[in-house]
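Visitor: Dropping a structure here in structure tokens format, bear with me for questions.
Laid out in structure tokens, this is it:
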């Protein structure tokens, strides 16, 4: 696929960029022709219109699905003469229940290094990235995107660098993107494969002219029409203009670059390709300390300290700053389909049957009559139930007034409706047990919990696709940190055991690192890379209960007793549950500490036996209090020394020397013997 922009001829001149450390003379009178101008904008608008035509069916589906979510689908389907059909909320309940499952699986990144030297940076990023997301109110963005994903079939995240945040220090921004405002190449399945990408937004003209002074004398208008939802309010766009963000890829020296252009109408507000001036600093005259001046041209001498944006691209990671989280994938589109598309036909059947049943009940509950034309009965008196007497003329008989009978619907139709409801539940995986109820007679809490966990396979699969998207979001966040976090920043993070810590962090440890030369060959740069592991920050109530019960069982079985470390590790090695590796590490650590303590206890007893036997009872009492030694019987000898004897399970004295004392005596004796 050809990923070159429209101004191909101009891009080839990029080889003339000044190099790092090169000294150049700044000429204030030099004027450069912009690489992106009106001609390129007009061609971009043609491409945007082409992308919009390829996306018409998707936009129509999104607008209709939003009406289904608002329970307004029958208003859109029927005309003025069509009968009223009440909308039931079975489909709404499916989406609401799935959203609750996704909230239980709110993601948290764990960043792992690929090289041993990057472990400290990975650990720091694992603590900082969640803070960056929290400062962006990512939980709210995640919730909004989950609603959108379930309703429409996919959610779109935008990961940008906002230079105006934090008092113009700049910071990362993660936003929800409406699918009707993003346009990609028709026929692709990965948004990164699109030749161009456009994001559109309506902004007030007053705001635009205040933000961009070059638009002060321009006549602004809605130059590009986006699809509109069926709003309940009257939305006026007459004083707004369409601002278009245009992203595209180029290649420079074998590297794919991402470039960005913002424009209104045919006016360029910003274009990264037009930023051809690299960062420079003036060279000081060694004698005067003032900026060095070229005497021939009178221009100021400058030294290049970085690369021009036209040479590096807008974002150095080279990816479009958008991530699409698709629910159920379809070929030929990065956008999938959701539960509204799956369940809407079944919901139509339920609504129609419900309307027929309700209508029959209303007809049967209202009494109507056939009245003969020869019957002289006052209709107002006849229908007024407050009157005890209704005067009639002579000749009244059963044929004069006859009640209209309405035959009730058969129970078969109610059964059909219930079957349709059950089919919708089964199709969507939104069974009764998932919502805390059951119709099968199961009442035990543990049984309900097991059924809920077994019935959540579809939800776990759905959340797994969100984790894939979240992994891509985290990768782009790390890349923006790598590019823009040059100034150290303060973060409040959660340290070990939940302790609050304040750390300072910059991108110095993850910037490209020079590897020096080897045998006269420049080894280039090494870029620290990381793997992203995503887990649920908040587990479901069932998982919490099961995890707590498992911990209590381990405690009751004395798994945490250091003396049982080997047996506990052998048992845990055959088990599988979340956090097993951390638990095994702690038990192994406790067993190692026990062995070290026992060796020190043996040494202390040996030293006490040799130099001060009166300390032995105190040492053993302390060991017994900590559960580190069996009970001993102390007896005083005639010479004042202490007799250590071991007792059996019945309390009887054992004449043998205690094992601790024997081993300690042997070690002390061996250490004092000359070799």
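In the numbering used here, the protein residues as written are 20 to 694. Heads up, the beta-carbon is just placed ideally off N, CA and C, and yes, glycines get one too.
Would you check if the distance between the CB atom of residue 287 and the CB atom of residue 261 is smaller than 7 Å?
Guide: Not a contact, by the Cβ cut-off of 7 Å.
Visitor: What's the gap between the Cα of residue 669 and the Cα of residue 615?
Guide: With a pLDDT of 41 at residue 669, under the threshold of 50, the predicted position of this residue should be treated as unreliable, though the coordinate-derived value follows. Distance between the alpha carbons of residue 669 and residue 615: 30 Å.
Visitor: Under the three-state reduction of DSSP, which class applies to residue 667: helix, strand or coil?
Guide: Legend: pLDDT at residue 667 = 47, less than 50; position of this residue unreliable, value from coordinates given subsequently. Reduced to three states, the DSSP call for residue 667 is coil.
Visitor: How big is the Cα-Cα spacing for residue 440 and residue 367?
Guide: 11 Å
Visitor: According to DSSP, what are the bridge partners of residue 416?
Guide: Paired residues: none, contrary to the question.
Visitor: Quick check on residue 336: does DSSP put it in helix, strand or coil?
Guide: coil
Visitor: Need the endpoints of the beta strand (DSSP E) that residue 195 sits in, please.
Guide: For residue 195, the uninterrupted beta strand (DSSP E) segment begins and ends at 190-196.
Visitor: Is the region 183-190 in contact with the region 60-69, if contact means three or more CB pairs nearer than 8 Å?
Guide: In this structure the region 183-190 does not lie against the region 60-69, because fewer than three pairs of beta carbons, one per stretch, are closer than 8 Å.
Visitor: Any idea if residue 606 is buried or exposed, counting beta-carbon neighbours within 10 angstroms, 16 or more meaning buried?
Guide: buried
Visitor: Once you ignore the five residues that flank residue 386 on each side, which residues in its own chain have a CB closer than 7 Å to its CB?
Guide: Within the same chain, Cβ atoms closer than 7 Å to the Cβ of residue 386 are found at 422, the five residues on either side in sequence being excluded.
Visitor: Determine whether the beta carbon atoms of residue 342 and residue 555 lie at a separation below 7 Å.
Guide: Between residue 342 and residue 555, the C-beta gap is not smaller than 7 Å, which leaves the two residues out of contact.
Visitor: Reducing DSSP to helix, strand and coil, say where residue 538 ends up.
Guide: coil
Visitor: What first and last residue would you give for the alpha helix (DSSP H) that runs through residue 477?
Guide: 476-503
Visitor: Quick check: the region 73-86 against the region 120-131, are at least 3 beta-carbon pairs closer than 8 Å?
Guide: no
Visitor: Let me know the secondary structure DSSP gives residue 402 once reduced to three states.
Guide: Assigned with DSSP and collapsed to three states, residue 402 falls in helix.
Visitor: Is the separation between the beta-carbon of residue 202 and that of residue 69 shorter than 7 Å?
Guide: Result no, Cβ atoms of residue 202 and residue 69 do not sit closer than 7 Å.
Visitor: Identify, in the order they occur along the chain, each residue of the same chain with its Cβ nearer than 8 Å to the Cβ of residue 213, setting aside the five sequence neighbours on each side.
Guide: 203, 204, 207 and 339
Visitor: Can you look up residue 630 in the DSSP assignment and give me helix, strand or coil?
Guide: helix
Visitor: Report the three-state DSSP secondary structure of residue 299 (helix, strand or coil).
Guide: strand
Visitor: Given this structure, state the Cα-to-Cα distance separating residue 167 from residue 91, to the nearest angstrom.
Guide: Spanning the alpha carbons of residue 167 and residue 91 requires a straight line of approximately 17 Å.
Visitor: At which residue ranges does the region 71-99 contain complete alpha helix (DSSP H) runs of 4 or more residues, listed in the order of the chain?
Guide: 75-88 and 92-96
Visitor: Would you decide whether residue 155 is buried or exposed? Buried here means 16 or more other CB atoms lie within 10 Å of its CB.
Guide: Taking every protein chain shown into account, the CB of residue 155 has 16 or more other CB atoms within 10 angstroms, so this residue is buried.
Visitor: How many Å lie between residue 285 and residue 298 at the Cα?
Guide: 29 Å
Visitor: To test your reading of the DSSP string, which unbroken alpha helix (DSSP H) runs of 4 or more residues are found completely within the region 204-249?
Guide: 224-230
Visitor: Just to confirm the assignment, what range does the alpha helix (DSSP H) spanning residue 170 have?
Guide: Counting along the chain, the alpha helix (DSSP H) containing residue 170 begins and ends at 157-171.
Visitor: Under the assumption that residue 424 contacts residue 172 (Cβ atoms under 8 Å), give the Cβ distance between them as a whole number of angstroms.
Guide: Their Cβ separation, rounded to whole angstroms, is 49 Å, which puts residue 424 and residue 172 out of contact at 8 Å.
Visitor: Look at the alpha carbon of residue 67 and the alpha carbon of residue 118, and state the distance between them as a whole number of angstroms.
Guide: 34 Å
Visitor: Which full runs of the alpha helix (DSSP H) of 4+ residues lie inside the region 342-387, going along the chain?
Guide: Unbroken alpha helix (DSSP H) stretches of 4 residues or longer found wholly inside the region 342-387: 358-384, given in chain order.
Visitor: Do residue 370 and residue 104 have their C-beta atoms closer together than 7 Å?
Guide: In this structure, residue 104 lies closer than 7 Å to residue 370 by Cβ.
Visitor: Does any heavy atom of the ligand PLP sit closer than 6 Å to the C-beta of residue 602?
Guide: As for the ligand PLP, it is missing from this structure, which has no ligand bound.
Visitor: Can you tell me whether residue 443 is buried or exposed, with buried defined as 16 or more other CB within 10 angstroms of its CB?
Guide: Buried is the call here.
Visitor: Restricting to Cα atoms, I'd like to know which of 217, 138, 484 and 199 is closest to residue 124.
Guide: Taking residue 124 as reference, the option from 217, 138, 484 and 199 with the minimal CA-CA separation is 484.
Visitor: I think residue 266 touches residue 215, with their Cβ atoms under 8 Å apart; what is that distance to the nearest whole Å?
Guide: Here residue 266 really is in contact with residue 215; their C-beta atoms are around 7 Å apart, less than 8 Å.
Visitor: Reducing DSSP to helix, strand and coil, say where residue 532 ends up.
Guide: strand
Visitor: Helix, strand or coil: how does DSSP classify residue 181 here?
Guide: strand
Visitor: Alpha carbon to alpha carbon, how far is residue 141 from residue 509? Give it in angstroms, no decimals.
Guide: Residue 509 and residue 141: Cα-Cα distance of roughly 17 Å.
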